[in-house]
Each structure stands twice: as structure tokens, then as C-alpha cells.
Amino acid sequence: MEIRNLSFRYDPHAPNLFNGLSLTISRGMFLTVLGENGSAKSTLIRLMLGLLKPKGGAIKNSFQRIGYVPQKKEAFNMQFPITVEELLRLQLSRSPEAGPDLSELLAQVQLEGAQKKLFGDLSGGQQQRILIARAIAASPDLLILDEPLTGIDSHSKTLLHALLVRLNQEGLTIVSIEHDVAFALHQSSHILTLKEGEGVLYTAKDYRQKINHEDLDNLLYHEEEHGHAFL
Numbered sequence: 204m205e206i207r208n209l210s211f212r213y214d215p216h217a218p219n220l221f222n223g224l225s226l227t228i229s230r231g232m233f234l235t236v237l238g239e240n241g242s243a244k245s246t247l248i249r250l251m252l253g254l255l256k257p258k259g260g261a262i263k264n265s266f267q268r269i270g271y272v273p274q275k276k277e278a279f280n281m282q283f284p285i286t287v288e289e290l291l292r293l294q295l296s297r298s299p300e301a302g303p304d305l306s307e308l309l310a311q312v313q314l315e316g317a318q319k320k321l322f323g324d325l326s327g328g329q330q331q332r333i334l335i336a337r338a339i340a341a342s343p344d345l346l347i348l349d350e351p352l353t354g355i356d357s358h359s360k361t362l363l364h365a366l367l368v369r370l371n372q373e374g375l376t377i378v379s380i381e382h383d384v385a386f387a388l389h390q391s392s393h394i395l396t397l398k399e400g401e402g403v404l405y406t407a408k409d410y411r412q413k414i415n416h417e418d419l420d421n422l423l424y425h426e427e428e429h430g431h432a433f434l
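See the structure below:
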């Protein structure tokens with residue numbers, strides 16, 4: 204995907220959210236987008252998905268199928284009484300090509316046996332993994348996630364992190380919005396920082412070197428239950 208000289212604004216009288224942003228998303232990349240609230244991270248994703256049109260510049264998409272995991276609150280009504288099986292079969296029925304079956308999807312996200320459970324009865328981390336299963340049902344070559352680690356416990360973060368890394372290692376290109384810098388450093392091949400309309404792309408190694416040790420200690424995610432830290 205080629206993003207060239209991108210500019211966008213919701214209000215014609217407001218300043219641009221992006222000032223000529225240019226970016227190449229290559230196949231096999233795991234790109235994490237970092238930025239403060241209001242830095243237009245979700246807007247960038249919507250532009251990449253074609254849900255919004257640029258005001259300037261262009262986005263050329265070379266990926267055939269894109270899977271999308273929105274913020275959980277935007278996915279659908281969590282109170283709607285739908286089972287995991289119904290949710291996934293609905294997505295599988297829309298897939299134009301033969302892909303994984305229901306049992307394979309659940310195995311991929313380590314939730315075998317959950318098909319008869321109501322989606323709303325699952326924990327936050329389990330719900331997020333089911334939403335990822337739904338997104339990969341059509342065998343996408345690009346997976347886009349909007350804050351997948353928000354609102355879940357540390358153990359679920361560990362499982363979700365491992366799932367995304369494995370999917371990327373299997374060849375899936377991933378773009379994920381994230382707030383947890385330590386997770387971003389551990390899982391990503393590249394990191395895009397957004398601030399005041401400007402975007403800077405780093406390799407994960409270069410971004411790690413950019414952060415001084417004192418800041419890194421403050422951002423370090425500790426998983427006490429498993430006795431390790433993600434760095």
C-alpha cells in the first residue's frame with residue numbers, strides 16, 4: 204500500500220490532520236501506529252480502508268483482501284444475543300473463497316469449544332480474539348486493528364500479542380494502532396509515530412534506540428504472572 208502526500212480534514216475550515224503524509228506498507232510488515240489521543244490514528248485507518256476519501260494526495264492499495272478489527276465498542280451491539288458460532292459462520296458465509304472452517308478459526312485463536320457460548324458472555328480478551336478470528340475468516344493478506352489491547356487484562360494481552368506475532372510470522376501483513384509502547388517495540392517490525400499532522404516511520408530497532416532508558420523503564424510492560432517483560 205502506497206500513501207503519498209496525504210492530507211485530510213473533516214471540517215473545510217479546520218487545519219489538515221495530515222501534512223503530506225507519505226508511507227509504504229510492504230507485504231510482511233508489522234506496523235504499529237503510535238500517537239497521543241487526537242493524533243488522527245483512527246482517521247488514518249479509515250482512509251486506508253477507503254471509508255474516508257483523502258482531501259489531497261493518494262492511497263494506492265495493492266492488497267487483495269483486508270481484514271479489519273475495529274475498536275470493540277464499534278464492532279456491534281455487545282448485548283445482542285449471538286453465539287460465537289453464529290458470529291463466525293455469518294462471516295464465513297460472506298467469504299468469496301474457501302478459507303478456514305469454524306474449528307480451524309477457533310483453534311487459531313485458542314478458543315476451541317467456545318462456539319456455543321454467547322459472545323457477550325466472553326471476557327474482554329476472548330471477545331477480542333473472536334473478533335480477530337472473524338477478521339481472518341476471509342484469509343486476508345492485510346489485517347488492520349484499532350487498539351486491540353484496550354480494555355483487556357494483562358494475561359489476555361499476552362495471549363493476543365502472541366497471536367498477532369504468530370499471524371505475522373505466517374505471512375499476514377498487520378497494521379495496528381497501539382498505546383502500549385513496550386508491546387509495540389516487541390511485536391512490530393516498524394513503528395509510525397503521528398504528532399500534529401506529521402508522521403515519522405521507524406524500524407522497531409531504530410525507535411528503541413530513540414527512546415532513552417529512563418523513558419523505556421516507565422513504559423515497560425511487566426507480566427508478573429509469567430515472570431517476564433516484553434522487551
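Here the working numbering runs 203 ahead of the position in the sequence shown, where the first position is 1. Don't be surprised by glycine CBs; every beta carbon is placed ideally from N, CA and C.
Residue i classed as buried or exposed, judged by whether at least 16 other C-beta atoms fall within 10 angstroms
i    : result
L348 : buried
V378 : buried
Q313 : exposed
P218 : exposed
K244 : buried
T227 : exposed
S242 : buried
A365 : exposed
G253 : exposed
F283 : exposed
V384 : buried
Terminal residues of the beta strand (DSSP E) in which residue i lies
i    : result
G354 : No beta strand (DSSP E) holds G354; DSSP gives it neither H nor E.
E401 : 401–406
S225 : 224–227
A340 : Unbroken run through A340: none, as it is neither H nor E.
S379 : 376–380
R207 : 205–210
G323 : Premise fails: G323 is in no beta strand (DSSP E) and is neither H nor E.
G270 : 269–272
K263 : 259–263
First and last residue of the uninterrupted alpha helix (DSSP H) at residue i
i    : result
H393 : Note, H393: premise wrong, no alpha helix (DSSP H); beta strand (DSSP E) at 393–398.
L295 : 287–297
V384 : 384–390
S306 : 305–311
Whole-angstrom C-beta distance between residue j and residue i, which should lie under 8 Å
i    : j    : result
S391 : F266 : Incorrect: roughly 18 Å between the Cβ atoms, too far for contact.
I355 : G323 : Not confirmed; about 15 Å, so no contact.
A338 : G260 : With 8 Å as the limit, A338 and G260 do not qualify as a contact, their Cβ atoms being about 27 Å apart.
L291 : A336 : 6 Å
Q294 : A340 : 4 Å
Contact under 8 Å by Cβ, residue i with residue j
i    : j    : result
P303 : Q331 : no
A317 : L309 : yes
I229 : N208 : It is worth fixing the name first, because residue 229 is Ser in this sequence and not Ile. It is not a contact, given that the beta carbons lie outside the stated cut-off.
M204 : I248 : no
I414 : T235 : no
S326 : P257 : no
G231 : T361 : no
E381 : L237 : yes
E289 : L305 : no
P215 : R268 : no
L321 : T286 : yes
T353 : Q274 : yes
Below-8 Å beta-carbon distance, residue i vs any chain D residue
i    : result
S296 : Absence of chain D from the displayed structure is noted, only one protein chain being present.
Residue i: CB within 7 Å of a non-hydrogen atom of the ligand SAM
i    : result
P343 : What this structure holds is no ligand at all, so the ligand SAM is not there to describe.
Which ranges does the beta strand (DSSP E) cover as unbroken runs of at least 3 residues, wholly within the region 213–256, from first to last along the chain?
Within the region 213–256, the complete beta strand (DSSP E) runs of at least 3 residues fall at 224–227, 233–238.
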